[in-house]
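The number in this note's numbering is simply the position in the sequence shown, starting from 1, with 12 added.
Yeah, the Cβ is synthetic: ideal placement off N, Cα and C, and Gly gets one too.
First comes the structure, then the notes that go with it.
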Amino acid sequence: MRINQIKIGAILSYVSLGMSTVISLVYTPIMIQRLGDSEFGVYQTVLPIISYLNLLSMGLGSAYVRYYSRARAENNKAEMAKLNGMFLMTYLVLGAVLLAIGFTLSNHGQIIFGQKLTDEEVMLGEKLLRIMTVNAALTFPISVFESHVTINEQYLFQKVVALLRHVLNPLIMIPLLILGFRSVTMTVVALVFTVLSGAVNIGYCLVKLKMPISFRRYDFALMREMIGFTFYVFIGILVDNLNWSIARLLLAWIHGTTAVTIYTVAAQLNVYYQSFATAISNLLIPRVNRIVAEGQPTTELDKLFIRVGRLQFISLGCILLGFVAVGQSFVVLWGGDAKFAVDYPITLLLFFATLWANIQMLGYEILRAKNMHKFSSLVYLGIALANVVLSIPLCMQWGELGAAIGTTVSTIAGMLVMNRYYHRHVGLNIPRFWLRIRHLLPAMILPTVAAVLMAVYLRPQGYIQIGLILIVFVAVYGVSMWLFGLDRYERRLITVPLQKIAAKLKR
């Protein structure tokens, strides 16, 4: 049942990701067109501020998974109930603190948004910040119930709820934007979906999962221990926010909202790319914690680390090379203006950094499960600060492209340092990991040549032409990977489901 839940969760993750990506690909250009560079730029400038406010969660979600897994392994029902009550109370308090900070910041918009924004843009930013702050505050207590669903590996329910939320939100907003509603309505609709999905998760946990909750005793000693554990998780989350969000704030301060709008096209494409990368690895977090909690040998983690890394390299490599083939035309067509042509090299840089960072994403979850994430958090903090220092002059000199260069350099540097740590201190077989990745490279030669030739000689003028080129490219990639790259396990991931489908069709 557990394996079936993981398989179903993986399938639904990609179905949800595929549907939400397709809808968002339609949604984003409509937003840009209807809101304009100014309002869309303000909206995108507020989002990083909210992501920084969300840091108040301090990474406690990972502590919940770790400590609840331990209590469940010991079948300690009293401890499980106590943990649920403690986390609910903690997140309610943190949500209130977030509300206070968010509303305080919204009263000082000129300081927060910089001098490049007009008075009207600042006023809009303050209003959006207040609504998004309420949304963020509500997600804190709701996240306890979402984490409880995850730790019980109820992926079918979890992914169906996520699918409905990600699909329905833009489907509702697209006609509203066409009717003339603006960014304030967008944030209100997002708030409504947070409330509705939260209510569904709470009901499922209480009724279906019989989630035990006890508010009798708040264990301050245990909470201090968990904060000690999550402090470095918090640093890791802070680093991730700095690396992927700071560019928009720097561009707003240095160049204004138009630069933010242009950069957002590339950043949004990279969000899709990152989401695709995390769809499988996120499902395996409970398994990693279980392997560690049960004291299984590191070789089991090694197998999982390499297997997931190869699958992510195969899938992310296909997307990266596909973008090489059609990206020049796509970003202009999607953005709706020739000024978005600069997003082609920006997106390639961000994709390149994301590819190498995300094929080893499971490594960081292994560190968390082993409570060995202190070093990695400090390394990434140093890299993130270097990214900020590096990105300021690069943004001033080359604008959006400079911001992407700073992010790419810092991300690759962090990955190289962490590889050494994974091998020497965690015990993961990094040389074997890269050897198994290297075995995929011969299969990448033909698709790379095909992608470059397509980029040089083909100039598709619409989405249909882009789609036809991508179909040809994916066929080339798939054949090359099947012949020269996939191992027996990876081929069975394709053949076994096809055989089952064929058998059912014959009945």
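My output table needs one value for residue i: the three-state DSSP class, helix, strand or coil.
i	result
Y39	helix
Y230	coil
F193	coil
D499	coil
Q170	helix
G347	helix
M408	helix
Q56	helix
P309	coil
M135	helix
K222	coil
N164	coil
T130	coil
P472	coil
N441	coil
G240	helix
G334	helix
G479	helix
M384	coil
G268	coil
Whose C-beta lies closer than 6 angstroms to the C-beta of residue i among residues of the same chain, with five residues either side of it excluded?
i	result
T33	Y284
H451	none
A83	E91 and M92
V204	none
N441	D314
My guess is that residue i and residue j are in contact by the Cβ rule of under 8 angstroms, so how many angstroms apart are they, rounded?
i	j	result
M430	Y230	That pair is no contact at about 36 angstroms.
L110	A85	About 32 angstroms separates the two Cβ atoms, so there is no contact after all.
G321	I449	7 angstroms
G375	F317	6 angstroms
S257	P60	4 angstroms
G71	T242	4 angstroms
A278	R260	Rounded, the Cβ-Cβ distance is 11 angstroms, inconsistent with contact.
Suppose the cutoff is 7 angstroms on Cβ atoms and the five residues either side in sequence are ignored; what does the same chain contact list for residue i look like?
i	result
A7	Any question about residue 7 goes unanswered here, given that the chain covers just 13 to 519.
C407	L262, L263, I266, G414 and A415
V344	A350, F352 and A353
G210	L150 and I154
L68	L106, V109 and L110
Q127	none
S28	K171, A174, L175 and H178
G73	S155 and S159
V391	G426, V429 and M430
T197	L188
So, at 8 angstroms on beta carbons, what are the nonlocal neighbours of residue i in its own chain, with the 5 sequence-adjacent residues on each side left out?
i	result
F115	R142 and T145
I214	I154 and F157
W410	I417
R444	D314 and I318
V77	S159, T162, I163, I297, P298 and N301
E306	A85
M13	Since pLDDT at M13 reaches only 47, below the 50 mark, its modelled position is unreliable, and the value read off the structure follows with that caveat. Closer than 8 angstroms at the Cβ level, and outside the excluded window around M13, lies no residue.
Suppose you measure from the CA of residue i to the CA of residue j; what does that come to, to the nearest Å?
i	j	result
L402	V245	24 angstroms
Y501	M493	13 angstroms
A75	L323	28 angstroms
G426	I395	6 angstroms
I483	G497	20 angstroms
P509	F227	47 angstroms
K386	L250	13 angstroms
R194	L47	7 angstroms
L465	F364	19 angstroms
M223	C217	5 angstroms
Q56	L254	15 angstroms
M185	R177	12 angstroms
V134	N181	26 angstroms
M456	A463	10 angstroms
A381	G439	14 angstroms
For the alpha helix (DSSP H) that residue i lies in, which residues bound it at each end?
i	result
S74	L72 to A85
F364	D355 to N370
Y103	K89 to S118
Q122	G121 to F125
G375	M373 to A381
P454	L453 to Y469
Closer than 7 angstroms: is that where the CB of residue i sits relative to any heavy atom of the ligand SAM?
i	result
R84	The ligand SAM is not among the ligands present in this structure, which contains no ligands whatsoever.
Counting contacts by CB-CB distance shorter than 8 angstroms, is residue i in contact with chain B?
i	result
E86	In the displayed structure, chain B is absent; only one protein chain is listed.
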